[in-house]
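In my numbering, the protein residues as written are 676 to 1097.
Quick notes on the structure that follows.
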Ligand SMILES: NC(=O)c1ccc[n+]([C@@H]2O[C@H](COP(=O)([O-])OP(=O)(O)OC[C@H]3O[C@@H](n4cnc5c(N)ncnc54)[C@H](O)[C@@H]3O)[C@@H](O)[C@H]2O)c1
């Protein structure tokens, strides 16, 4: 019996992977609406279909619940709850710690507890362990504890959960062996490391690697733009080097629950050991600046056409943070829309996967519905910003109908004065 706590972008694909391998799974979530939907066979995440869910429910292999007393029936409990930042960009571990307290209340001898949420090194042993041992039982003897980072890549059809190798760090050798036995049933390969701390740090290295490289190409884009050099052409040429180069692509900023968030978990923790994280913070600064850059390029382009941003009709294409997914968390499009609106533009957006956008903590005033992408709408817009390069967009039609395009993803290959790469 597998219990997965937190039925979101990470938890649900994991549930599906265990179910596909024949396990019985109970999904736990505090969000009763999600629990209700799942038990009715309705999915709220694109890559899990309602049909799949219904089959699992019919076979009595799966159920969702908000009743955490059921945790005592689980053999393994896997935690996939959010690890966000607070308003001062400090780690907010309340979800992980609250969940741990709940698990401690219902802990049964022999259970394996694994944290998958991304976090700073030390969370499992310094944060979770004392809570789990508060009842007198000892990890490695009475129950087992491990950390294994999730490496979900939303929208990636070739690397689904079972195809991604999994790094595991156990609190003790027995904890590690048990966690390995579990994950060996569902993923292609397990990689064992010496401690939960090393596994936690591995995940941060992976994500900070992306953040720093994305920042670097974004910085180079802005430099090259002034020199009249197309960064995309440069990247394509550099990618022909058979060793020592890996292409990263510029864009309107970065988004999602991971790359903009996780580096700051390390920044915070590094203060404990008196080490600055200048490099990591600089990458954050550059990436955070990108939506401002896109807006300034839009203002410039409108200005060249004798128009001001105030009163201009701007259509933003794509509000999800990356192509072909429905996740708008931390999306740079939200920042772009908010900056444009503040300066008096009349902003609308289209996103085939996000019918409405509201309820964002950072942008309380942002309440929009996706508009239909008609030729009339494209023609009426003073500027169209391609913020997310969804595959379903018909870029030929967009080029034909829009009078000014700000292309942040290099999807329009055609060169024309009305197409601005930004
Ligand atoms: N989304 C990704 O692509 C991705 C990739 C790798 C790692 N991660 C990491 O995985 C973790 C989860 O991310 P996500 O994107 O799945 O988040 P999510 O917001 O999609 O899902 C989290 C779920 O946990 C539930 N929840 C919150 N507190 C809870 C509690 N106390 N008990 C039970 N359920 C609770 C929420 O209701 C929600 O359904 C984060 O640490 C994230 O950094 C995410």
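Beta carbons: idealized from backbone N, C-alpha and C, even for Gly.
Three-state secondary structure (DSSP) of residue i
| i | result |
| --- | --- |
| residue 857 | helix |
| residue 688 | helix |
| residue 1024 | strand |
| residue 1096 | strand |
| residue 945 | helix |
| residue 766 | strand |
| residue 877 | helix |
| residue 923 | coil |
| residue 818 | strand |
| residue 709 | helix |
| residue 799 | helix |
| residue 723 | coil |
| residue 987 | coil |
| residue 1032 | strand |
| residue 973 | helix |
| residue 906 | helix |
| residue 961 | helix |
| residue 783 | coil |
| residue 1079 | coil |
| residue 1012 | helix |
| residue 890 | helix |
| residue 1086 | coil |
| residue 918 | coil |
| residue 912 | helix |
| residue 1098 | Because the chain in this structure spans residues 676 to 1097, residue 1098 falls outside the shown range and cannot be described. |
| residue 677 | strand |
| residue 730 | helix |
Span separating the alpha-carbon of residue i from that of residue j
| i | j | result |
| --- | --- | --- |
| residue 878 | residue 980 | 47 Å |
| residue 1098 | residue 798 | As shown, the chain starts at 676 and ends at 1097. That puts residue 1098 outside it, with no answer to give. |
| residue 862 | residue 1039 | 40 Å |
| residue 866 | residue 1076 | 51 Å |
| residue 1086 | residue 999 | 14 Å |
| residue 955 | residue 736 | 44 Å |
| residue 1019 | residue 985 | 4 Å |
| residue 692 | residue 1058 | 43 Å |
| residue 1061 | residue 770 | 35 Å |
| residue 794 | residue 987 | 42 Å |
| residue 682 | residue 753 | 11 Å |
| residue 703 | residue 1013 | 35 Å |
| residue 781 | residue 889 | 43 Å |
| residue 1044 | residue 808 | 48 Å |
| residue 961 | residue 731 | 45 Å |
| residue 901 | residue 759 | 36 Å |
| residue 1094 | residue 914 | 25 Å |
| residue 1068 | residue 864 | 36 Å |
| residue 1054 | residue 1003 | 26 Å |
| residue 941 | residue 1050 | 47 Å |
| residue 756 | residue 1074 | 42 Å |
Contacts around residue i, its chain only, beta-carbon distance under 8 Å, and the 5 residues preceding and following it disregarded
| i | result |
| --- | --- |
| residue 904 | none |
| residue 1100 | No statement about residue 1100 is possible, as the shown extent of the chain runs from 676 to 1097 and does not include it. |
| residue 812 | 782, 784, 818 |
| residue 976 | 1058, 1079, 1081, 1095 |
| residue 1046 | 990, 1023, 1024, 1025, 1052 |
Cβ of residue i within 7 Å of any chain C Cβ
| i | result |
| --- | --- |
| residue 984 | Looking at the structure shown, chain C is missing, and only one protein chain is on hand. |
Contact set for residue i: own chain, Cβ-Cβ below 6 Å, skip 5 residues either direction
| i | result |
| --- | --- |
| residue 971 | none |
| residue 873 | 844 |
| residue 777 | 743 |
| residue 699 | 676, 736 |
| residue 765 | 943 |
| residue 822 | 790, 799, 844, 871, 874, 875 |
| residue 830 | 999, 1000 |
| residue 853 | 787, 819 |
| residue 761 | 767 |
Residues near residue i in its chain [Cβ-Cβ closer than 7 Å; skip 5 each side]
| i | result |
| --- | --- |
| residue 925 | 892, 893, 896, 906 |
| residue 696 | 860, 861 |
| residue 817 | 784 |
| residue 974 | 984 |
| residue 719 | 709, 712 |
| residue 1048 | 1025 |
| residue 775 | 803, 806, 807 |
beta-carbon residue i near ligand 3 non-hydrogen atom, thresh 6 Å
| i | result |
| --- | --- |
| residue 680 | Absent from the structure shown: ligand 3. Ligands present: ligand 1. |
Say whether the region 731-744 touches the region 694-714, bearing in mind that this needs 3 or more beta-carbon pairs closer than 8 Å, one atom from each stretch.
-> yes
Three CB pairs or more closer than 8 Å across the region 1027-1034 and the region 943-963 = no
At least three beta-carbon pairs within less than 8 Å, the region 683-696 to the region 833-847 | yes
Just checking, does the region 959-976 make contact with the region 998-1018 on the three C-beta pairs under 8 Å criterion?
-> yes
Contact between the region 845-854 and the region 909-918: three or more CB pairs below 8 Å?
-> no
How do the region 923-941 and the region 880-890 stand: do at least 3 beta-carbon pairs fall below 8 Å, yes or no?
-> yes
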